[in-house]
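One structure is given below, encoded as structure tokens.
Numbering (mature numbering (1 follows the signal peptide of the UniProt record, and there is no 0)), first residue to last: -22 to -1, 1 to 789.
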């Protein structure tokens, strides 16, 4: 995604009270189970659904599950996280030195001690930078030097910033998360600085700062004086990025200037399962769009400060003993959507810096927020009250549905400005947990499993060398072990030449975003499209989890359906089938044969896929932090040169639900980015799209054709660009946060200045119980078309650079 200027699954289950703030927080680690706080199930009920080998037999055994018992082997209390113990033999086949390049790096192998006494800063940064990796302001992006930088349990004293390079995962021991402890005289912007400022600028262009992840850490800033500048993470990033399972310990002093996450720019992204204790700010939020799920802030001055955005969605937020919950800079913040919040003992829940005065100056939507001892629900920094919170006679109150902004219904083109109760979204019961909230399920990490429960792809004949056909080896691996082992796909680039089926019940874990790539004649005919990867056969059911994988193709691949998602979650385990930190990335990277050398902007012959993701009618799915991207530029070119590559369709969902899309994006596909057809029971928040830069030359659907077998929508005109979102013949579809963008016409950006890069962008047809909330678009003349007619124009909803519909509901 480019801006206008530039082409245990861990849940932190302990709400710390003021008397506990100095204690080390407890982590609740999931092996793929339902979880979280506030009355949700903490049991291991997910484990029996996966039959794991109950022996210590060699994982290379070709006996597969025939040698298995019925129970998994749980790690004992002294065992390290399985990731530390497993054999690491992942490769980066397109690196300049693939034989010697190390993907997995344990910081202790580079001299880090982790005793809280020795300064580990230099050793940690050496583990990150070793072997000429992409960073230091001389490399803007690269896919050939990925790294997992692993921290065993311990306390790592640091006196300066840890600087992760491009394509880096910083991962701590999920069983006993390590602490990054800042020295009293810490010198740096953040304990982790994801995009440092230097004399020549920043290391990375923030809107192209992809493939970054930090998980399983405690950030301890309490040795830094309260008046001293202290930031946990400086996070100026874009898509395919995540912060997961983190705790931030900051000064509880009421005059502290400490802050947890600080971000001022970018185009993200996802963060979730985090706890912030103390500090001036938990999260200082500035980014085009982001999704935040399951965050707790205790004892901060301001839990979340919004500097600017085009649209953010906050889901499952807990705020305790703060002075202000959300502080919003109205002049810079476009749209704020908050769902399922619990706020306690906090004088003001949401506070804007200036009153709206009846204009759309910052859209706000609040849904299902329970307030206890919160006198002001919505107020202004001058002390005026917009919405009362809990009156003295009532200990708590719930905001069912409140908004500030323009509200529309059906085919009425005239909106009504509201600052009050707005129509509540329809939420299908299948999407909700036992407490009536949208299901929230974090990245599975299998922290309570012993390493003997894992089986390696490379130990079982797959090479991942980017040349060898690994189809047979991978299929045998899945067939033999999916029902009894966690499949570890060692880092590499795995070629498949025919459809690879990942059976229902599989748990697949990648390493530094292991790549599975479809290549060859089977995927070249757009008149006869074939799945590269099937997740489950049609009608199959079982607990299925995919983490840290990239799915792609090697061109030409005009007939490739990159992922066909068929699997259904087990009965009684909501979100029991899903993908986390897993992406579909087409072209623009090493090994795809679809880079600048053969796909310049003037080219017409580069085909990457027929469709990226197809969620079929019987399937269910939980997709978190999933980026579905047809590359607009070459990630491995020194100047990130623009390229022209074609992929017909983004995400097609025909699922009857439930489907959760949390922090997902789909970009640059020819016909559409999201197509929800004949479907029901979907929650989508926040979704983000971008129209192909070359359209309308050629105009959609060229160079593909409309295919009714795949429910293709018709283009809105003969000179049409792609639809961002289509909802047709569907019921109970809730979009809670959207950023749908169009920046170019035939690679020219003049239309961005006049905000008319395309005529239409969203189509709703013959559907019921559809709700669009905090719905922002850029440079589409009409934001919503209903049953083929242009209905809501962008000009009436200007909200900074984007235009925002605070609420639209079907009649």
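Built from N, CA and C at the ideal position, the CB exists for glycine as well.
Rounded to whole angstroms, what is the Cα-Cα separation between residue i and residue j?
| i | j | result |
| --- | --- | --- |
| residue 458 | residue 125 | 29 Å |
| residue 784 | residue 550 | 34 Å |
| residue 667 | residue 185 | 14 Å |
| residue 563 | residue 528 | 7 Å |
| residue 660 | residue 748 | 10 Å |
| residue 787 | residue 712 | 10 Å |
| residue 801 | residue 473 | Outside the shown range of the chain (-22 to 789) lies residue 801, about which nothing can therefore be said. |
| residue 192 | residue 308 | 30 Å |
| residue -10 | residue 702 | Low per-residue confidence applies at residue -10: pLDDT is 32, beneath 50, and the placement is therefore not dependable, though the value from the model is reported in the following sentence. The alpha-carbon atoms of residue -10 and residue 702 are separated by roughly 37 Å. |
| residue 410 | residue 272 | 15 Å |
| residue 782 | residue 100 | 46 Å |
| residue 490 | residue 207 | 32 Å |
| residue -2 | residue 201 | In this predicted model, residue -2 has a pLDDT of only 27, less than 50, meaning its place in the structure is not dependable; the value taken from the coordinates is given anyway. Distance between the alpha carbons of residue -2 and residue 201 is about 14 Å. |
| residue 413 | residue 753 | 26 Å |
| residue 436 | residue 469 | 9 Å |
| residue 595 | residue 504 | 22 Å |
| residue 1 | residue 88 | Because the pLDDT of residue 1 is 28, which lies under 50, any placement of that residue in the model is unreliable, and the number read from its coordinates should be weighed accordingly. Computed Cα separation, rounded: 30 Å. |
| residue 467 | residue 68 | 8 Å |
| residue 789 | residue 650 | 25 Å |
Taking residue i as the reference, which of the options has the closest Cα?
| i | options | result |
| --- | --- | --- |
| residue 769 | 439, 752, 738, 307 | 738 |
| residue 677 | 685, 699, 728 | 699 |
| residue 59 | 462, 692, 425, 493 | 425 |
| residue 345 | 337, 328, 338 | 328 |
| residue 837 | 322, 342, 614 | With the chain running from -22 to 789 in the structure shown, residue 837 is simply not present. |
| residue 321 | 778, 282, 134 | 282 |
| residue 432 | 484, 447, 451 | 484 |
| residue 382 | 313, 429, 390, 437 | 313 |
| residue 93 | 443, 157, 384, 304 | 157 |
| residue 616 | 298, 182, 130 | 182 |
| residue 582 | 135, 573, 349 | 573 |
| residue 448 | 413, 420, 406, 495 | 495 |
| residue 147 | 172, 630, 229 | 172 |
| residue 706 | 465, 82, 689 | 689 |
| residue 43 | 62, 277, 460, 651 | 460 |
| residue 541 | 589, 518, 519 | 589 |
What does a CB cutoff of less than 8 Å around residue i pick up in its chain, not counting 5 residues either side in sequence?
| i | result |
| --- | --- |
| residue 672 | 579, 622, 722, 724, 725 |
| residue 696 | 677 |
| residue 674 | 697, 698, 699, 723, 724, 736 |
| residue 404 | 710, 712, 747, 749 |
Below 6 Å CB to CB, which residues in the same chain sit around residue i once its five sequence neighbours on both sides are set aside?
| i | result |
| --- | --- |
| residue 319 | 295, 347 |
| residue 358 | 330, 333 |
| residue 639 | 601, 662 |
| residue 102 | 85, 90, 140 |
| residue 719 | 668, 756 |
| residue 249 | 221, 270 |
| residue 543 | 513, 593, 597, 599 |
What are the residues that DSSP puts in a beta bridge with residue i?
| i | result |
| --- | --- |
| residue 447 | 473 |
| residue 60 | Paired residue(s): none; residue 60 is not in a bridge. |
| residue 613 | Residue 613 pairs with nothing; no bridge assigned. |
| residue 305 | 283, 329 |
| residue 319 | 295, 347 |
| residue 726 | 723 |
| residue 123 | Paired residues: none, contrary to the question. |
| residue 781 | 755, 776 |
Give a yes or no on whether the C-beta atoms belonging to residue i and residue j are separated by under 8 Å.
| i | j | result |
| --- | --- | --- |
| residue 626 | residue 680 | no |
| residue 557 | residue 524 | yes |
| residue 456 | residue 480 | yes |
| residue 121 | residue 567 | yes |
| residue 657 | residue 428 | no |
| residue 136 | residue 98 | yes |
| residue 608 | residue 565 | yes |
| residue 796 | residue 385 | An answer regarding residue 796 cannot be provided, because it is not within the stretch -22 to 789 covered by the chain. |
| residue 522 | residue 532 | no |
| residue 256 | residue 237 | no |
Using C-beta distances below 7 Å, list every residue in its chain close to residue i, excluding the 5 sequence neighbours before and after it, in chain order.
| i | result |
| --- | --- |
| residue 598 | 546, 547, 555, 633, 635, 636, 637 |
| residue 216 | -22, 184, 185, 186, 187, 188, 244, 245, 246, 247 |
| residue 311 | 284, 286, 287, 340 |
| residue 38 | Residue confidence for residue 38 is low, a pLDDT of 40 falling below 50, so the modelled location carries little weight; the figure read from the coordinates is stated next. Cβ neighbours of residue 38 beyond the five flanking positions: 437, 438. |
| residue 576 | 584 |
| residue 772 | 733, 755, 758, 759, 760, 761, 781 |
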